[in-house]
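Engineer:
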Amino acid sequence: MRKPDGKIVLLGDMNVGKTSLLQRYMERRFPDTVSTVGGAFYLKQWRSYNISIWDTAGREQFHGLGSMYCRGAAAVILTYDVNHAQSLLELEDRFLGLTDTASADCLFAIVGNKVDLSEEGPGDGGQDGGHGPGPAGVGAAPRLPKQVQPEDAVALYKKILKYKMLDEKDVPAAEQMCFETSAKTGHNVDLLFETLFDMVVPVILRQRAQGPPQTVDIAPCGPPARTRSGCCA
Ligand SMILES: Nc1nc2c(ncn2[C@@H]2O[C@H](COP(=O)(O)OP(=O)(O)OP(=O)(O)O)[C@@H](O)[C@H]2O)c(=O)[nH]1
Ligand SMILES: [Mg+2]
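In terms of full-length UniProt numbering, the sequence shown has 84 at position 84, counting the first letter as 1, and numbering is strictly consecutive.
(1) Of all the options Gly-112, Phe-41 and Ala-57, which has the alpha carbon lying nearest to the alpha carbon of Val-34?
(2) Check whether the Cβ of Ser-87 lies closer than 7 angstroms to any heavy atom of ligand 2, and answer yes or no.
(3) Of all the options Tyr-49, Gln-23 and Arg-94, which has the alpha carbon lying nearest to the alpha carbon of Ser-182?
(4) Helix, strand or coil: how does DSSP classify Gly-66 here?
(5) I need the residues with a C-beta less than 7 angstroms from some heavy atom of ligand 2; please give them in chain order.
(6) Keeping to the same chain, check which residues put their C-beta closer than 6 angstroms to that of Val-203; ignore five residues upstream and five downstream.
(7) Could you check the C-alpha separation between Lys-146 and Ile-77 for me, to the nearest Å?
(8) CA-CA distance, Gly-66 and Ser-52?
(9) I think Leu-98 touches Leu-43, with their Cβ atoms under 8 angstroms apart; what is that distance to the nearest whole Å?
(10) Could you give the DSSP three-state label for Ser-20: helix, strand or coil?
(11) Check whether the Cβ atoms of Trp-46 and Phe-197 sit closer than 8 angstroms, and answer yes or no.
(12) Mind checking whether the beta-carbon of Ala-141 lies closer than 7 angstroms to any heavy atom of ligand 1?
(13) For Asp-81 versus Val-154, is the C-beta distance shorter than 8 angstroms?
(14) For Arg-28, which residues in the same chain have their Cβ closer than 6 angstroms to its Cβ, ignoring the five residues on either side in sequence?
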């Protein structure tokens with residue numbers, strides 16, 4: 001297997017829909033999920049580049065792993081649930097610090113998922129020819145008042161720039177990097193991932209020019225001292 005050229009990591013609280021977004025994009029479906037344990041990745045070929053996309057666990061007990069997954073990341077997708085205000089606050093309080101290990105020019109996308117559930121959001125089978133199970137209202141879950149507005153995500157994006165000491169003029173505009181999605185209907189899911197793929201290509205090229213990649217090499221490095229397996233113990 002060819003080594004990935006770049007890495008994108010999904011972070012966010014449990015239940016916001018990280019696994020569902022990734023499965024919607026990679027497998028074109030919305031299957032039942034179980035809460036993620038540890039992390040897992042998909043490989044996506046984009047043009048001539050191999051990009052790994054890492055799904056992480058939102059559960060508190062796996063929190064310590066987050067910064068390891070972010071090491072050398074070219075982009076991080078900070079995911080929240082538009083119907084659950086706390087999930088946006090958690091991004092700043094609990095997840096942003098995990099990105100300290102990411103690439104110096106790491107891109108940040110902020111993604112409000114589950115818009116299909118909110119009163120103002122697109123329904124099943126929404127605007128983009130989504131892949132939902134049927135028309136809105138037929139067997140659909142009751143709509144909820146939306147708790148997080150796009151401006152709140154833009155405000156978080158600006159806080160991230162401050163935290164990273166980045167100048168707004170050197171990075172993509174907030175409006176370009178904040179998305180509202182539905183893993184259920186497919187709303188904006190392709191747009192999210194493909195916008196990011198296009199943006200990480202220059203990051204990958206810069207990383208290459210700067211020398212050896214900082215990504216974690218999971219192959220055993222050096223002779224194991226008295227251990228019999230390739231495990232990282
Ligand atoms: N209606 C609706 N439900 C969604 C959407 N995305 C995910 N869900 C549901 O939300 C629940 C959690 O989704 P997951 O994708 O497992 O969430 P997660 O962020 O990966 O959670 P952890 O792995 O625990 O961190 C599941 O029941 C999904 O079916 C969405 O866009 N709309
Ligand atoms: Mg998951």
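Ideal Cβ placement from N, Cα and C applies to all residues, glycine included. Computed from a prediction, not measured in an experiment: that's the story for all the values here.
Structural biologist: Per the coordinate set shown:
(1) Position 34 of the sequence shown, counted from the first residue, corresponds to residue 34. Val-34 has its Cα closest to that of Ala-57, out of Gly-112, Phe-41 and Ala-57.
(2) Walking along the sequence shown from the start, residue 87 turns up at place 87. Not so, every heavy atom of ligand 2 lies at least 7 angstroms from the Cβ.
(3) For the purposes of this step, residue 182 is taken as residue 182 along the sequence shown, with counting starting at 1. It is Gln-23 whose Cα lies nearest to the Cα of Ser-182.
(4) Taking the first residue of the sequence shown as 1, we reach residue 66 at position 66. Judged by DSSP in its simplified three-state form, Gly-66 adopts helix.
(5) Qualifying residues, in the order they occur: Lys-18, Thr-19, Thr-33, Ser-35, Thr-36, Asp-55, Ala-57 and Gly-58.
(6) Locating residue 203 in the sequence shown gives position 203, where the first residue counts as 1. Hits under 6 angstroms: Ala-74 and Asp-105.
(7) For the purposes of this step, residue 146 is taken as residue 146 along the sequence shown, with counting starting at 1. For the purposes of this step, residue 77 is taken as residue 77 along the sequence shown, with counting starting at 1. Spanning the two alpha carbons is a distance of roughly 21 angstroms.
(8) Within the sequence shown, residue 66 is the residue found at index 66, counting from 1. Within the sequence shown, residue 52 is the residue found at index 52, counting from 1. One C-alpha to the other measures close to 15 angstroms.
(9) Along the sequence shown, read from residue 1 onward, the residue named residue 98 stands at position 98. Along the sequence shown, read from residue 1 onward, the residue named residue 43 stands at position 43. In fact, because the Cβ distance is near 22 angstroms, the residues do not count as touching under 8 angstroms.
(10) By 1-based counting over the sequence shown, the position of residue 20 is 20. Looking at Ser-20 - three-state DSSP - the assignment turns out to be helix.
(11) Residue mapping note: residue 46 aligns to position 46 of the sequence shown, counting from 1. Residue mapping note: residue 197 aligns to position 197 of the sequence shown, counting from 1. Contact flag set, yes.
(12) For this step, residue 141 is matched to residue 141 along the sequence shown. Answer for Ala-141: yes, Cβ within range of ligand 1.
(13) The residue given as residue 81 occupies position 81 in the sequence shown. The residue given as residue 154 occupies position 154 in the sequence shown. A distance of 8 angstroms or more separates the beta carbons of Asp-81 and Val-154.
(14) Working through the sequence shown from its first residue, we reach residue 28 at position 28. Nothing listed; no residue qualifies.
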